Structure formats: structure tokens, C-alpha cells
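Each remark here refers to the structure printed beneath this line.
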Amino acid sequence: MAIGIGRRQFISALGGAAAWPLAARAQQPVVGFLHGGEEAPSAHSLKAFRNGLSEPGFVEGQNVTFEYHWAEGRYDRLSEMALDFVRRKVAVIVAGGAPAALAAKAATTTIPIVFTSGADPVQIGLVASLNRPEGNLTGVNSFGGEIAAKGLGVLRELVPNAAVIAILVNPKNPIAELTTKDVQAAAGAIGQQVQFLNASSERDIETVFAILGQQRVGALVVGNDVLFNSSVEQLAALASRHSIPTLYSRREFAAAGGLVSYGPSLDDAYRQVGRYAGQILKGEAPSDLPVVLPTKFDLVINLKTANALGLKVCPLLFLAVAAR
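This note's numbering applies: residue 250 is where the sequence shown begins, and numbers increase by one.
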């Protein structure tokens, strides 16, 4: 269930924690989880975060309490949600995604913040440097620019005759402009022509695919955005209906019938965020914890979809991507 401002949910762990005295549970440190999207698409990430948090010895409902704020795609709500956590004096804020991290940073300079960010955290002003973050933030950086280059490379391997590749972005995302620049730079480096299309609602997504069908674009890249990540079935179905080879950032899309997904492992990223949150709860300072770069990447190709599109998948593609 999504929880907005003014609504809190305390999750009790198994083993009788719900029967503990309220005073005892009130003494537990509180972790505020701030995210621009919805709870359901983030279920795997939350599980990985809890697993990471348990490594330093913290278990939800036993010795730590969570509060959640889900913006459900309304990026304009993140600032007030972050301030709500500050007013509640949570022990740590976990920010899922660059927009949430920027909102949390603007809300406090004292409460520790652990983030995931697809954009360069130095470039967008979250930290001073990756090795020495300084301030009250640290987290995991997902290589936005490099991922864009590799993703375009994967799509070109699958659809070598695509003269133009369309890029779907949400203009309401606070880092949309930076993402556009990263993709433009990546496309320029390999001589690929790209066309940017905007969508900030499910209706916009329908319109975009109608345009793609008329323009006969060779392929499509769906950007990493909470709107798109909560529209997995819709996007995969539209790509299939219009026979558009499409690359996504999350493996859930390929599982739903999308052609190919490529990106850092979200489970690994959130597990590391959990570890860092636990270390901070034990007394370590965010400034002493370097921003972590991803080491595991997921490449998933739906062979059934590839066959339906008449595309040949070379097994060497997986080795080529791994070697890049």
C-alpha cells in the first residue's frame, strides 16, 4: 500500500514483535524510505535492502523501524515528504533514485542519507567526490552515461539496420535533461542517430507509440523512470503490438515480453544501500563510506520476442557486453 504524507506504516517482524511494549518499539531507530515511485514495482528492491541491512545486524521490527513515503510518480511531492522525515527526526533517510536523493539533500544537512542514483552523484551535486563524499550523503551510483552507451550498443547488435533509435524520457523527472545529454553523448560516440520522445503519463505513452508506428523508427530505448517502471505490462504490450524492438533498464520488462533489458543489478544496489544504512546506524559517518559503483549487470533477452520480430541473437553478444 502506498503511503504519502501524514500516513505511516510500521511493519512488525515475525516472532511476536507485534506484542512487544510500545515503549520498547519507540526506542528503535527509524529509517525513512523515500522513493519517487510506487511500492509494488519496488518489492524486490525492498527485500534486497532488508537483506543488506541485516548484515550489520538490523532487522525490521526487532531493532529498527521503517517508515515509507512513496511519491507514486509525483516528483513534486518528494520535497515535502523528505521534510516530513526531518520533522520526525528519523535516524537515516534511504533515497531510492536521484530525484529522491536531491529532495533529501535539500531537506537536511545533518540526518545521514544513503541513496541510489542512476545519474553521476558528483555531477548533480549529491557528493563532493565518490571516494570522499563529505557531508551527510553516500550511496550507490549506477553509471548513467556508461549504461546508456552499452545499452545502445546492445540494441545496435540486435537491430543493426536501425537508422534511428527513439529514446523515451519523462520530462518531469528532475534529471531528465542530464539523462538526455548522456544519451546524446553516447549516441554521438558510436555514430547513432537518436530521437527523443516525451511521456509523463500513461496516456502520453499510448500517444508516443502511435507516433513511433507512423515514423517507422528502427528501435526504442525506454528510459529508467518511475512512470515507466510502473507501466511494465503496458510498455511491453505496446512494443509488441507495433513490432518495435525495445530496450529497457529492468529485467521485469523482458520477463513481461519486452525484447531486451540491460542495466545494473538493482538487488545488488539496494543490498549495498542496506549495508551502508546499517553501518551508519552503528555509528559510522556517511563521509567515511565511499560511493559504491555497481559490479553486477543484468542482460536479459526474450528469445520468443526476438523470433517474433525476426531478429537473430548471437550468443557472443553476451560475452561482448560482459567484456565492455
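All C-beta atoms in this analysis are idealised placements derived from N, C-alpha and C, irrespective of residue type, glycine included. Just so you know, these numbers come straight off a predicted model, no measurement behind them.
From arginine 213 to alanine 411, what does the alpha carbon distance come to, in whole angstroms? The structure shown has nothing for residue 213, since the chain only spans 250 to 573.
Residue range of the alpha helix (DSSP H) that serine 328 falls in? Start and end: 327 to 337.
What is the residue span of the alpha helix (DSSP H) that tyrosine 324 lies within? Premise fails: tyrosine 324 is in no alpha helix (DSSP H) and is neither H nor E.
Whole beta strand (DSSP E) elements within the stretch 451 to 480, 3-residue minimum: Runs found: 468 to 471.
Confirm, please, whether the CB-CB distance from leucine 407 to methionine 330 is below 9 Å. No. Outside cutoff.
Taking the straight line between their C-alpha atoms, what separation do you get for asparagine 459 and aspartate 474? The amino acid at residue 459 is misidentified as asparagine; the sequence shows alanine. Going from the Cα of alanine 459 to the Cα of aspartate 474 covers about 20 Å.
Report buried or exposed for proline 191, applying the criterion of at least 16 other Cβ atoms within 10 angstroms of its Cβ. Absent from the structure is residue 191, since the part of the chain shown begins at 250 and ends at 573.
Specify the secondary structure class of valine 443 as computed by DSSP and reduced to three states. Reduced to three states, the DSSP call for valine 443 is strand.
CA-CA distance, phenylalanine 315 and arginine 337? A direct Cα-Cα distance of roughly 12 Å separates phenylalanine 315 from arginine 337.
Does isoleucine 439 pass the burial test, meaning 16 or more other C-beta atoms within 10 Å, or should it be called exposed? Burial call: exposed.
Counting only the same chain and skipping the five closest in sequence on each side, list residues whose C-beta sits under 7 Å from that of asparagine 380. Around asparagine 380: Pro539.
My understanding is that valine 308 touches valine 341, with C-beta atoms under 8 Å, so please give their C-beta distance in whole angstroms. Contact check for valine 308 and valine 341: beta-carbon distance about 15 Å, past the 8 Å limit, so the pair fails to qualify.
Report the option in Gln277, Gly301, Leu302 and His293 whose CA atom is closest to the CA atom of glutamine 311. Minimum Cα distance to glutamine 311 is reached at Gln277.
Going straight from the alpha carbon of arginine 274 to that of valine 470, what length do you get? In this prediction, arginine 274 scores a pLDDT of 46, lower than 50, which makes its location untrustworthy; no coordinate-derived value is stated.
Apply the 10 Å Cβ neighbour rule to aspartate 431 and answer buried if 16 or more other Cβ atoms are within range, or exposed otherwise. By the 10 Å Cβ count, aspartate 431 comes out buried.
Verify whether the separation of the beta carbon atoms of glycine 400 and glycine 367 is less than 9 Å. Going by C-beta atoms, glycine 400 is not nearer than 9 Å to glycine 367.
Going by C-alpha to C-alpha distance, which of Gly532, Pro513, Pro370 and Ala555 sits closest to aspartate 547? When each option's Cα is compared against that of aspartate 547, the closest is Pro513.
Tell me the DSSP secondary structure of valine 432 in three-state form. If DSSP states are grouped into helix, strand and coil, valine 432 belongs with the helices.
In chain order, what residues of the same chain have a beta carbon less than 8 Å from the beta carbon of glycine 467, not counting five sequence neighbours either side? These residues qualify, in order along the chain: Val408, Asn410, Ala411, Ala412, Val413, Ile414 and Pro494.
Measure the Cβ-Cβ separation of glutamate 482 and alanine 505 and say whether it is below 9 Å. Result yes, Cβ atoms of glutamate 482 and alanine 505 sit closer than 9 Å.
In chain order, what residues of the same chain have a beta carbon less than 7 Å from the beta carbon of proline 348, not counting five sequence neighbours either side? Annotation for proline 348: Gly285, Tyr324, Leu327, Asn422, Pro423 and Ile424 place their beta carbon closer than 7 Å to its own, counting only its chain and skipping 5 residues before and after.
Under DSSP, the alpha helix (DSSP H) around proline 513 begins and ends at which residues? First-last for proline 513: 509 to 513, but that is the beta strand (DSSP E), not the alpha helix (DSSP H).
What residue does the alpha helix (DSSP H) around phenylalanine 307 start on, and which one ends it? Here phenylalanine 307 belongs to no alpha helix (DSSP H), and DSSP marks it neither H nor E.
Three-state secondary structure (DSSP) at arginine 257? Low per-residue confidence applies at arginine 257: pLDDT is 38, beneath 50, and the placement is therefore not dependable enough to give any value.
For the alpha helix (DSSP H) containing threonine 554, name the first residue and the last one. Residue range 552 to 557 is occupied by the alpha helix (DSSP H) that includes threonine 554.
Taking the straight line between their C-alpha atoms, what separation do you get for alanine 557 and threonine 359? So the two alpha carbons sit approximately 54 Å from each other.
DSSP three-state assignment for valine 574, whether helix, strand or coil: The chain is shown only over 250 to 573; residue 574 falls outside these bounds and no answer can be derived.
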